[in-house]
Structure formats: C-alpha cells, structure tokens
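**Q**
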Amino acid sequence: MDFLNALVALTNYIIIPASTYGAQLALGALGVTLIYGILRFSNFAHGDTMAFGTGLAIIVTWGLQAMGVSLGPLPTAMLALPFAIAGTAVLVLVTDRLVYAHYRRVKAKPVTLVMVSVGVMFVMNAVTRFMIGVDDIKFADGARFVISARGFKEATGLAEPLAFRTTQLLTLVTAAIMVAALFWFLNRTRTGKSMRAFSDNEDLALLSGINPNQVVRVTWIIAAGLAVTAGTLYGLDKSFKAFNYFHLLLPIFAAAILGGLGSPLGAIAGGFIIAFSEVGVTYAWKKVATYMIPGFEAEGLLQLLSTEYKFAVSFVILIAVLLFKPTGLFKGKAV
Amino acid sequence: MSYLDASGMTGGYGGADILHDCTLKVDLGQIAVIVGPNGAGKSTAMKAVFGMLNLREGKVLFDGEDITALSPQDRVRKGMGFVPQVNNVFPTMSVEENLEMGAFIREDDFRETMEQVYDLFPILREKRHQNAGELSGGQRQQVAVGRALMTKPKLLMLDEPTAGVSPIVMDELFDRIIEVARTGISILMVEQNARQALEIADIGYVLVQGANRYTDTGAALLADPDVRRTFLGG
Chain Y
1 MDFLNALVAL
11 TNYIIIPAST
21 YGAQLALGAL
31 GVTLIYGILR
41 FSNFAHGDTM
51 AFGTGLAIIV
61 TWGLQAMGVS
71 LGPLPTAMLA
81 LPFAIAGTAV
91 LVLVTDRLVY
101 AHYRRVKAKP
111 VTLVMVSVGV
121 MFVMNAVTRF
131 MIGVDDIKFA
141 DGARFVISAR
151 GFKEATGLAE
161 PLAFRTTQLL
171 TLVTAAIMVA
181 ALFWFLNRTR
191 TGKSMRAFSD
201 NEDLALLSGI
211 NPNQVVRVTW
221 IIAAGLAVTA
231 GTLYGLDKSF
241 KAFNYFHLLL
251 PIFAAAILGG
261 LGSPLGAIAG
271 GFIIAFSEVG
281 VTYAWKKVAT
291 YMIPGFEAEG
301 LLQLLSTEYK
311 FAVSFVILIA
321 VLLFKPTGLF
331 KGKAV
Chain Z
1 MSYLDASGMT
11 GGYGGADILH
21 DCTLKVDLGQ
31 IAVIVGPNGA
41 GKSTAMKAVF
51 GMLNLREGKV
61 LFDGEDITAL
71 SPQDRVRKGM
81 GFVPQVNNVF
91 PTMSVEENLE
101 MGAFIREDDF
111 RETMEQVYDL
121 FPILREKRHQ
131 NAGELSGGQR
141 QQVAVGRALM
151 TKPKLLMLDE
161 PTAGVSPIVM
171 DELFDRIIEV
181 ARTGISILMV
191 EQNARQALEI
201 ADIGYVLVQG
211 ANRYTDTGAA
221 LLADPDVRRT
231 FLGG
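In structure tokens form, the structure reads like this:
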C-alpha cells in the first residue's frame, strides 16, 4: 500500500505536471530550433510571439463565448487556436518582411540578428500588453478534471490523491499530434525536405533550385503555429500573463540548446529533460521518501531548491551544456 | 561551335582580376580537364562558366545561347550541373533524399533518372536510406555527382572530384566519369591529379595565372615535354 501511495504521489506531483510542462517547452523549443536551423539566429522574440498568439486566442475565445459557441468538455480556446495561429503567422511574416529580410539581404552576422530579435521582442511585448493588458487572465472553460483528487481517493481507497486536469491531458495530446504532424511534414513532403536541405547546406540548396524565400516563409508559419499552440496550452494550464512568456524563454532556450540547436528531436528531448529537472529539483520529496523507506523520519522537506529558484535549474543545465557539450545531445549546430 | 563556348573570360570576385582572357570549350560527350599549378585560377575559371563570379569581359555561350548574364540557378535550369569541391551533399539527409533535392526543379517524374544514378553508382542504391554524412569520402563524392545528375544536365562541372580520396577510389571515380560522358553529357572538371585526369581527357586546358598556357588533347599534353617538365613533374 505504501508503495502504491508513493507511486501515486510521484505521478501526481512529478510525472503529470512535468510531462505537461515538458510538452509545452518542447513545442516552444521546436519553434526556436527551426528558426535557428533555417534562419540561423536565436530568436529572442519567440517568447513574446507565444504571448501575442495566446492573447489573440483569448480575445477570439471571448468572442466565441459571447456568441455562445463552446466545445463541451474541451476549452473554447482550442476552437480559437486556428484563428490565433493565422493572426500570429501574419504578424511574424510582416515582421520578417519589414525587419529580418533587410538583415538577410545585407548578410548580417547572426549576433546582429539576435539583437534585432531582442528589439522585435520588446515591440511584440508592448503590442501584446496594449492588446490585452497586463492582468492575470484565466480563460480555461469546459470540464476541469479528467480524474479528480476526491474521485480518485474514493475509487481506490488510497491515502494519496491523484488529479489529472483536462488541460493537462489536452496539452499532452495536442503536443503529440503537433509533433507527429511536424515530423511527417519535415520527412515526407517536398517542402519539408527542402527546409531540411536548406538547414543542412544553404549553398547547395540554392544550387539545387530551392527557393529561399519560400523556405523562410514556411518556417515562420510553422514557428508561429508551434509558438501559439505552446503558449495557449501553457496559458490554459496555468494562467495568462503577458510577462510570463518572457520568463519562459530561458527554459525554452535551455531545452533547445540541450537537445542541440537545429535538431527537432533534440528540442523535444530537451523540453522534457528541463521540465523533469525543474519539477524534480523543486519538489519536496519527504512524502515519497516516507512511503518508500520504512521507519524513515525526514528532518526537513527534502526539497533541494525552493520553487522560487526553479529558473536556476534551467540556467545550470544551460551553462553545463555550453561548457561541456555545446552541440547538445543530438549533435546540433555549435552555438 | 562547341556546346559550351566560354571565351575571353576576364574578371574576379571584385578587386583584382583573377582570369585573364581565359577560354574554355567543350563538346557534347567530351571530357575537358583544367589543370595547372596552385592558384592558377582553375576553380575560378569553372565558377565563371557557372556564373558564380562577375565577368568584366568575355561571354559564355551554351548550346549557342548567350548565358553570360544568367544566375547559377538559371544555368542549372538551362542544363548545367555543378559539383562543388567541398560541402557538396546534405549530410543529415539520406542518399535518396539528396538525389530528390537534386531533382527539386523538375516537375516531371524523376524516378527513372534516379534509377540511372543507382545503376551508375550501385553502392548508392545499397546505402540509399543512410545519411550522406555517414558515408566515406568516395561514396560521398558519388552522392554529390549523383545529385548533380538528377537534373539531367548536358554539361557536368566537377571541382576536384578526387580531392582527398584514395588512389583506388580515384580510379573508380574516373571510370564513372567516363561512363557519364559516354551517355552524351559533357564533362568539365578541375583536377589536382593532373596526370591521371589528362589520361581520360579529350581536351586539356593548362592554366597559368588565370590565362590559357597550353590547350590540346589530353594525350598530346601528356606527351608534350614542356608540359611534362613544368606541370607533371617530369
């Protein structure tokens, strides 16, 4: 019984939250890694692209709710998602045309493009706040739980509760579908293959007649799709706050770099590793330890780091990777 | 008139001229080899034919058409294939995907061309699902040549195809190049291994300081005592 309780506690406090958070980070890191592979710079505006897209999704959600449209047990925001993606895709394409295209034409160094993206980040952040404000917004509706804590306790008779929220299940399912679709696109379609070719060897891709403008356009659209989906799922799971997405940039970059910049598979692995490290290090292990080790009396909470410092985990991993294995786990391009 | 007729080419990458009144001609099915000392402008001459540098003077005629003003991409559409010396494959893509990318501009069914490439380089058929970056140097060169052949070019340009491969692999690559030429494709290649390359050349160009020094059939150049002494090491 103690073993089962330990397992349930572990699932409830670590496995479910970390998997959900990991899936959100993975979607974000995929966008970063795609931009890096094709456009060859680290896009600091990615976090605020997520914020803008999520803000748009919330506004459309309100509109749909006002019209009385709903998805039943699923959040209405899922219905708003395609509109938000389309709007955000337009925004990033216009940004590319107005800003990044110029720096590509003059063949600017990657570090210049990074600084340019910081500027774009500030502008996008301002646009997002202007559009939806700075307040905390909860926009999840529909059924709240797939498995509720009380229901689980009553059904199993275990001391430990297990809660599995709709948004968590939704995050995992949506992320799986997005990733499968992305890999199918990159590995099976002509356009997807031309993107990989462009990422592999730009000169040879040009020589083969691959149109760089089309590759860049498709990359932005996909990155926008991934960013808005990740942002909306994160907002549904926690809550929306315009500034939060800027803070997400660190774990997202840590995930992309840990996996190897330019490697989609690496971005996914990196996302989950960062998420599990962050949740694992900031979790108070006392309860699980008490169940697992008979007669064990813990002195403190057995918490390695208080949750306020969770970003330190990403930082430490990021620095360790850059010091010891700069190409990341899946042999990305060196940073 | 030759199928490729690049005459009086003068120019460089901006700054000083590298080529001085350089002329290169190749007929259909012929193998033309450019040899010469280091820094003679061999690769530059070939890049000029492919439109990768601006010519101040001279022009490039291809199948009778003046293509001097066309970009390299447009020249590919006109029937030129180019195999760079390095970075000439997509390393994280499979052999088959490399060939598909070679055929990117083709709207028609290119499976037949792919079969021909596999017939020419049987090892590529065997390794078609392996990533090009994981192959040996000689196999990678075969992928590079195969990629360029996917557009069914009339002129195939090779920049030092045997650089960094063993003598055995070099001989095999030369055999394959002869086979390609037999199908009616013109070959223009730059080679460091001058003696072996001239042995298979219908026509050889010896360049010195960006200008034509000797032009003759491969066999005649090999027999010429001056050429032998100065460029082939006796």
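Those protein sequence lines, which keep their order, are chains Y and Z.
Residue numbers for the first sequence follow full-length UniProt numbering, beginning at 1 and rising by one.
Residue numbers for the second sequence follow full-length UniProt numbering, beginning at 1 and rising by one.
The C-beta atom is built at its ideal place from N, Cα and C for all residues, glycine as well.
Run through DSSP, which three-state label would Gly204(Z) get?
**A** Position 204 of the second sequence, counted from the first residue, corresponds to residue 204(Z). DSSP places Gly204(Z) in strand when its eight states are reduced to three.
**Q** For Gly51(Z), collect the residues of the same chain with a Cβ closer than 7 angstroms to its Cβ; drop the 5 residues on either side in sequence, then sort them by chain order.
**A** Stepping through the second sequence from its first residue, residue 51(Z) is reached at position 51. Hits under 7 angstroms: Leu70, Ser71, Pro72, Arg75.
**Q** Ignore the nearest five residues each way along the sequence and tell me which others in Leu155(Z)'s own chain have a CB closer than 6 angstroms to its CB.
**A** In the second sequence, residue 155(Z) corresponds to position 155, counting from 1. The residues are Leu4, Met80, Ser186.
**Q** Give the DSSP-derived three-state secondary structure of Ile105(Z) in the structure shown.
**A** Translated into the one-based positions of the second sequence, residue 105(Z) becomes position 105. Coil.
**Q** Buried or exposed: where does Tyr25(Y) fall if 16 or more other Cβ atoms within 10 Å of its Cβ makes it buried?
**A** For the purposes of this step, residue 25(Y) is taken as residue 25 along the first sequence, with counting starting at 1. Reading off the sequence shown, one finds Leu at residue 25(Y), where the question assumed Tyr. Buried, because 16 or more other Cβ atoms sit within 10 Å of the Cβ of Leu25(Y).
**Q** Taking contact to mean at least 3 C-beta pairs separated by less than 8 angstroms, is the region 120 to 133 of chain Z in contact with the region 175 to 184 of chain Y?
**A** No, because fewer than three Cβ pairs between the region 120 to 133 of chain Z and the region 175 to 184 of chain Y fall closer than 8 angstroms, the two stretches do not touch.
**Q** By the 9 angstroms beta-carbon criterion, what residues does the region 85 to 96 of chain Z contribute toward chain Y?
**A** From the region 85 to 96 of chain Z, only Asn87, Asn88, Val89, Phe90, Pro91, Thr92, Met93 have a Cβ closer than 9 angstroms to chain Y.
**Q** Nearest CA to the CA of Glu308(Y): which residue from Ala108(Y), Tyr283(Y), Val111(Y), Tyr245(Y)?
**A** Residue mapping note: residue 308(Y) aligns to position 308 of the first sequence, counting from 1. For Glu308(Y), the nearest C-alpha among the options comes from Tyr283(Y).
**Q** For Asn211(Y), would you say it is in contact with chain Z, using Cβ-to-Cβ distances shorter than 7 angstroms as the test?
**A** The residue labelled residue 211(Y) in the question sits at position 211 within the first sequence. Judged by the 7 angstroms Cβ criterion, Asn211(Y) is not in contact with chain Z.
**Q** Where does Glu57(Z) sit, in a helix, a strand or coil, going by DSSP?
**A** Taking the second sequence and counting its residues from 1, one reaches residue 57(Z) at position 57. Here Glu57(Z) sits in strand by DSSP.
**Q** Starting from Gly102(Z), find everything on chain Y with Cβ-Cβ shorter than 8 angstroms and list it in chain order.
**A** The residue given as residue 102(Z) occupies position 102 in the second sequence. The answer, in chain order, is Ser208.
**Q** Can you check whether the C-beta of Lys333(Y) is within less than 7 angstroms of a C-beta belonging to chain Z?
**A** Here residue 333(Y) corresponds to residue number 333 of the first sequence, with the count starting at 1. Not an interface residue.
**Q** Which residues in the same chain as Ala143(Y) place their Cβ atom closer than 7 angstroms to its Cβ, once the five residues preceding and following it in sequence are excluded?
**A** On the first sequence, position 143 is the one that residue 143(Y) refers to. Answer for Ala143(Y): Pro73, Thr166, listed in chain order.
**Q** Step through the CB atoms of chain Y and report whether any lies within less than 7 angstroms of the CB of Ile105(Z).
**A** Mapped onto the second sequence, residue 105(Z) falls at position 105. Answer yes: the Cβ-Cβ gap between Ile105(Z) and chain Y drops below 7 angstroms somewhere.
**Q** Would Ile31(Z) pass as a contact of Ala220(Z) if the rule is Cβ separation under 7 angstroms?
**A** Locating residue 31(Z) in the second sequence gives position 31, counting from the first residue. Locating residue 220(Z) in the second sequence gives position 220, counting from the first residue. For Ile31(Z) and Ala220(Z), no; Cβs fall outside 7 angstroms.
**Q** What residue ranges within the region 108 to 191 of chain Y form continuous beta strand (DSSP E) runs of no fewer than 3 residues, ordered along the chain?
**A** Taking only runs of at least 3 residues, the beta strand (DSSP E) segments lying wholly in the region 108 to 191 of chain Y are 145 to 147.
**Q** Thinking Gln85(Z) and Ala163(Z) are a contact (beta carbons under 8 angstroms), I'd like their distance in whole angstroms, please.
**A** Residue mapping note: residue 85(Z) aligns to position 85 of the second sequence, counting from 1. Residue mapping note: residue 163(Z) aligns to position 163 of the second sequence, counting from 1. That belief holds up - the Cβ atoms of Gln85(Z) and Ala163(Z) are roughly 6 angstroms apart, short of 8 angstroms.
**Q** Near Val120(Y), what residues of its chain come up, given a Cβ to Cβ distance below 7 angstroms and the 5 sequence neighbours on each side ignored?
**A** Position 120 of the first sequence, counted from the start, is the residue given in the question as residue 120(Y). Closer than 7 angstroms at the Cβ level, and outside the excluded window around Val120(Y), lie Ala45, Thr95, Val99.
**Q** Which residues does DSSP list as the beta-bridge partners of Thr10(Z)?
**A** Within the second sequence, numbered from 1, the residue matching residue 10(Z) stands at position 10. Note: Thr10(Z) sits in a beta bridge opposite Glu57(Z).
**Q** Under 8 angstroms Cβ to Cβ from Asn193(Z), same chain only, skipping five residues before and after it: list those, please.
**A** One-based indexing of the second sequence puts residue 193(Z) at position 193. Cβ neighbours of Asn193(Z) beyond the five flanking positions: Thr162, Met170.
**Q** Any C-beta of chain Y within less than 8 angstroms: which residues of the region 60 to 84 of chain Z qualify?
**A** Under the 8 angstroms Cβ criterion, the region 60 to 84 of chain Z contributes Pro72, Gln73, Val76, Arg77, Phe82, Pro84.
**Q** Take every Cβ of the region 75 to 84 of chain Y, pair it with every Cβ of the region 128 to 145 of chain Y, and state whether three or more of those distances are shorter than 8 angstroms.
**A** Enough Cβ pairs lie closer than 8 angstroms, so yes.
**Q** If you compare alpha carbons, which of Ala224(Y), Gly55(Y), Ser194(Y) is closest to residue 336(Y)?
**A** In the structure as shown, chain Y begins at 1 and stops at 335. Residue 336(Y) is therefore absent and cannot be evaluated.
**Q** According to the neighbour-count rule (16 or more other Cβ atoms, all chains shown, within 10 Å of its Cβ), is Val173(Y) buried or exposed?
**A** Here residue 173(Y) refers to the residue found at position 173 of the first sequence. Val173(Y) is exposed by the Cβ-count criterion.
**Q** Between which two residues does the beta strand (DSSP E) holding Arg213(Z) run?
**A** In the second sequence, residue 213(Z) corresponds to position 213, counting from 1. That run of the beta strand (DSSP E) goes 211 to 216.
**Q** Quick check on the DSSP output: the alpha helix (DSSP H) that includes Asp224(Z) runs from which residue to which?
**A** Counting from one through the second sequence, the residue named residue 224(Z) turns up at place 224. No alpha helix (DSSP H) contains Asp224(Z), which DSSP labels as neither H nor E.
**Q** Of the residues Ile38(Y), Ala89(Y), Gly157(Y), which one's Cα is nearest the Cα of Leu56(Y)?
**A** Against the first sequence, residue 56(Y) aligns to sequence position 56. Considering only alpha carbons, the answer is Ala89(Y).
**Q** With distances taken between CB atoms, is the gap from Ser314(Y) to Ile274(Y) smaller than 7 angstroms?
**A** Translated into positions along the first sequence, residue 314(Y) becomes position 314. Translated into positions along the first sequence, residue 274(Y) becomes position 274. Yes; because the gap between Cβ atoms is below 7 angstroms, this pair is in contact.
**Q** Is there a Cβ of chain Z sitting closer than 7 angstroms to that of Lys107(Y), yes or no?
**A** Along the first sequence, one-based indexing puts residue 107(Y) at 107. So no, Lys107(Y) is outside the interface.
**Q** How many angstroms separate the CA atom of residue 355(Y) from the CA atom of Asn98(Z)?
**A** Because chain Y spans 1 through 335 in this model, residue 355(Y) falls outside it and cannot be assessed.
**Q** With three or more beta-carbon pairs closer than 8 angstroms as the criterion, would you say the region 19 to 39 of chain Z touches the region 288 to 300 of chain Y?
**A** Judged by Cβ distances under 8 angstroms, the region 19 to 39 of chain Z makes no contact with the region 288 to 300 of chain Y, as fewer than three pairs qualify.
**Q** By Cβ distance below 6 angstroms, which residues in the same chain neighbour Ile221(Y) in space, the five residues on each side in sequence not counted?
**A** On the first sequence, position 221 is the one that residue 221(Y) refers to. Result list for Ile221(Y): Ala89, in chain order.
**Q** Report yes or no: is there a C-beta of chain Z within less than 7 angstroms of the C-beta of Ala256(Y)?
**A** Numbered from its first residue, the first sequence carries residue 256(Y) at position 256. Not closer than 7 angstroms to any Cβ of chain Z, the Cβ of Ala256(Y) fails to qualify, so no.
**Q** Using 7 angstroms as the threshold, is the C-beta distance between Phe198(Y) and Gly266(Y) below it?
**A** Position 198 of the first sequence, counting from 1, holds the residue named residue 198(Y). Position 266 of the first sequence, counting from 1, holds the residue named residue 266(Y). No.
**Q** For the 8 angstroms Cβ check, are there 3 or more pairs between the region 200 to 211 of chain Y and the region 98 to 116 of chain Y?
**A** Short answer: they don't touch.
**Q** Mind listing the chain Z neighbours of Arg188(Y)? Cutoff is C-beta to C-beta under 8 angstroms, in chain order.
**A** The residue given as residue 188(Y) occupies position 188 in the first sequence. Result: empty, since nearest Cβ-Cβ is about 10 angstroms, beyond 8 angstroms.
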